[in-house]
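So the structure is just underneath, and the comments pick up after that.
Numbering (full-length UniProt numbering), first residue to last: 1 to 719.
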């Protein structure tokens with residue numbers, strides 16, 4: 001593939017302009033060039049791919065002979081010339097290395113102002129020195145006085161551009177009016193989401209601005225163009241696009257700002273910039289792993305692809321934390337990775353049967369700053385984490401994953417390095433006919449896959465040779481081998497590591513999400529669940545809530561299990577108090593937040609489905625009650641037909657007496673009658689004995705009820 005190199009000279013054949021390449025970014029995407037002949041030339045931003053494409057198509061070419069550089073090599077300067085050169089170098093030497101900012105029109109001014117103030121020179125002089133340095137090869141010798149410029153160049157605006165075409169015409173000059181037409185055409189036909197070609201935009205411009213007449217044929221409009229020598233050429237149209245429209249603007253208008261930020265932005269920064277030592281800044285990210293796993297409970301169950309979270313120390317490139325799980329990518333998985341980051345790695349590895357020393361994986365603690373994706377870290381209570389754990393959190397803006405490039409590259413590496421060894425690894429060709437479905441080969445559980453990732457991390461930290469890592473003078477002096485573990489260990493000793501040790505429970509508390517709960521007479525209520533705690537009992541919260549009304553309290557909770565919630569307290573040593581689920585809430589124990597919400601939703605659905613049946617039964621119930629009442633009222637009315645008319649006072653006068661008599665009669669009807677026949681006779685009764693053979697003696701005494709009714713009838717007859 002063809003490359004551009006700094007200091008190469010590129011000739012624009014269309015406009016007969018020679019450019020020197022001043023700077024190219026590390027991705028070979030964006031660069032700066034300068035016209036080496038123009039008197040007032042300044043650096044111009046270019047897209048490298050467009051220049052290379054022009055070389056391929058023949059519109060541009062590389063000039064091998066650098067006449068500007070040669071004439072200074074063979075020259076024998078006088079002492080006066082050398083003094084002038086040294087003076088010019090003294091003026092600009094402090095700012096020429098500020099690449100690429102020094103080439104930017106918006107940023108260059110402040111540097112030149114500093115030079116003017118420091119050396120007492122003028123802006124014209126500084127620009128003269130810079131222009132000479134840039135145009136003639138970017139060496140100190142370029143600043144020697146130049147006595148070869150004799151005579152006067154013809155102004156560009158008065159020259160006919162390019163050589164004559166096959167018809168003998170030279171292309172017309174591009175004046176300011178034509179440039180304005182070009183701008184309108186670029187904006188209307190090229191700089192939009194339709195992504196038309198420049199050739200299309202050129203033709204539409206010619207049709208709109210260079211037609212001198214129209215006519216109709218077959219009912220359709222046609223145009224008559226101006227004379228050929230009066231039309232700008234397609235090459236001029238392309239050339240002025242590069243001059244009038246910045247590369248950044250073109251990409252933003254055609255691809256969108258989001259795509260520009262993600263794919264086309266010049267990568268001028270470094271992740272290690274402004275990190276002083278280990279623990280200054282950690283980068284965290286997650287990716288779905290390209291391997292299918294099986295369940296730990298039943299290896300016949302394929303459970304899909306896990307998510308891998310890695311936390312990287314920017315200073316040393318050491319992996320300082322990890323988590324493999326089925327969560328996410330989400331804040332829950334991110335929370336687990338941060339917890340692992342602050343945990344003892346010997347104990348962690350021991351859970352998976354891996355024995356290490358503290359020196360094998362020495363990181364334990366939290367950093368000063370954590371950089372991560374907005375989506376995951378926003379799930380955490382950022383203010384709580386910042387205040388409680390004394391860390392700062394930087395959220396990457398949307399569509400800018402490159403801001404945490406170190407960890408993303410490492411995630412990709414972890415996938416590619418492990419691919420040959422993993423059963424169930426994702427194979428994009430499996431859908432082709434005859435190819436085996438890789439998912440059925442899954443054999444690793446999440447524990448075994450975690451064990452593999454741990455070994456990968458230990459290998460990476462110890463053995464990765466970072467050939468491109470920039471060591472400072474002290475590291476070079478101490479002959480620090482550029483591996484993550486060596487750089488980390490050296491940094492801890494010599495750079496005063498920024499790690500913070502945190503109590504395990506305190507760390508968990510500040511990583512958990514927060515919410516509010518209500519103190520009610522029935523308990524501390526959170527999502528319809530009821531809790532109790534020692535402070536509530538000690539200070540009679542529930543009694544106060546019943547008397548004075550409910551109030552809110554701030555809590556933290558773990559959505560994976562709601563058996564406990566944690567009330568916030570003002571005590572920095574013990575910032576929380578545990579609240580436990582009440583005993584009568586047994587059905588909600590050991591359930592996740594999602595499961596409990598599902599239970600509540602199911603109850604709503606069941607109630608909704610039963611509403612009609614409940615309504616039907618309630619209507620029938622009311623009808624039954626009313627029927628009984630009607631029957632009683634009817635019976636009462638019939639009884640009153642044959643009874644003498646009484647006043648209300650007479651009816652209510654004997655309530656106590658009537659109640660007493662009615663109670664006596666009810667007792668006679670309801671008292672328990674227990675048979676003693678089976679107790680008196682040990683022989684079982686004969687089954688074939690007929691009831692008609694039993695002779696009953698009528699020795700029953702009159703009951704209280706009988707006496708009452710007899711007395712009542714007698715009184716009625718007397719009346």
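Built from N, CA and C at the ideal position, the CB exists for glycine as well.
Query, Result
"According to DSSP, residue 288 sits in a beta bridge with which residue or residues?", "307"
"Does DSSP put residue 131 in a helix, in a strand, or in coil?", "helix"
"Could you check whether the stretch 296-309 touches the stretch 324-342, counting it as contact only if at least three pairs of C-beta atoms, one from each stretch, sit closer than 8 Å?", "yes"
"Going by DSSP, which residues form a beta bridge with residue 564?", "580"
"Bridge partners of residue 370, per DSSP?", "282, 393"
"In this structure, how does DSSP classify residue 124 when only helix, strand and coil are distinguished?", "helix"
"For residue 532, report the span of its beta strand (DSSP E) as first-last.", "529-532"
"Starting from the C-beta of residue 356, find all residues in its chain whose C-beta is less than 8 Å away, skip the five residues before and the five after it, and write them out in chain order.", "345, 346, 349, 458"
"Does the Cβ-Cβ distance between residue 113 and residue 107 come in under 8 Å?", "no"
"Looking at C-alpha atoms only, which residue of 583, 290, 588, 123 is the closest neighbour of residue 444?", "290"
"With DSSP as the reference, label residue 518 as helix, strand or coil.", "strand"
"Name the one or two DSSP bridge partners that residue 632 has.", "In the DSSP output, where bridge partners are listed per residue, residue 632 has none listed."
"Can you tell me which of 632, 482, 123, 134 puts its alpha carbon nearest to the alpha carbon of residue 471?", "482"
"If distances are taken between C-alpha atoms only, which option among 103, 237, 187, 661 comes closest to residue 174?", "237"
"Pull up the CB-CB distance for residue 234 and residue 202, whole angstroms please, since I reckon it's below 8 Å.", "5 Å"
"Spatial neighbours of residue 18 within its chain, please: C-beta separation below 8 Å, excluding the five flanking residues on both sides.", "9, 10, 11, 12, 35, 36, 37, 63"
"How far does the beta strand (DSSP E) with residue 672 in it reach, from first residue to last?", "Where residue 672 is concerned, there is no enclosing beta strand (DSSP E), given that its DSSP letter is neither H nor E."
"From what residue to what residue does the beta strand (DSSP E) around residue 551 run?", "551-557"
"Taking all protein chains shown into account, do 16 or more other C-beta atoms lie within 10 angstroms of the C-beta of residue 450, making it buried, or fewer, making it exposed?", "buried"
"Got a sec, what are the start and stop residues for the alpha helix (DSSP H) residue 6 sits in?", "Neither: residue 6 is in no alpha helix (DSSP H) and is coded neither H nor E."
"Assuming the contact rule is C-beta atoms closer than 8 Å, residue 563 and residue 580 should be a hit. Round their C-beta distance to whole Å, please.", "7 Å"
"Where does residue 211 fall in DSSP's three states?", "strand"
"What are the boundary residues of the beta strand (DSSP E) that includes residue 61?", "60-63"
"Enumerate in chain order the residues of its own chain whose CB-to-CB distance from residue 3 is below 6 Å, with the five nearest sequence positions on each side excluded.", "none"
"Alpha carbon to alpha carbon, how far is residue 488 from residue 360? Give it in angstroms, no decimals.", "11 Å"
"Measure the C-alpha to C-alpha separation of residue 538 and residue 544 and round it to an integer number of angstroms.", "12 Å"
"Looking at C-alpha atoms only, which residue of 33, 15, 16, 14 is the closest neighbour of residue 5?", "33"
"Pull up the distance between the alpha-carbon of residue 600 and that of residue 577, whole angstroms please.", "27 Å"
"Just reading off the beta strand (DSSP E) that residue 510 is part of, what are its end residues?", "No beta strand (DSSP E) holds residue 510; the alpha helix (DSSP H) holding it covers 504-511."
"Would you call the stretch 119-135 and the stretch 90-99 touching, i.e. three or more CB-CB distances under 8 Å?", "yes"
"Find the nearest neighbour of residue 84 within the set 144, 631, 526, 640, judged by alpha-carbon distance.", "144"
"Residue 114 by DSSP, collapsed to three states: which one?", "helix"
"In angstroms, rounded to a whole number, what distance separates the CA positions of residue 365 and residue 340?", "9 Å"
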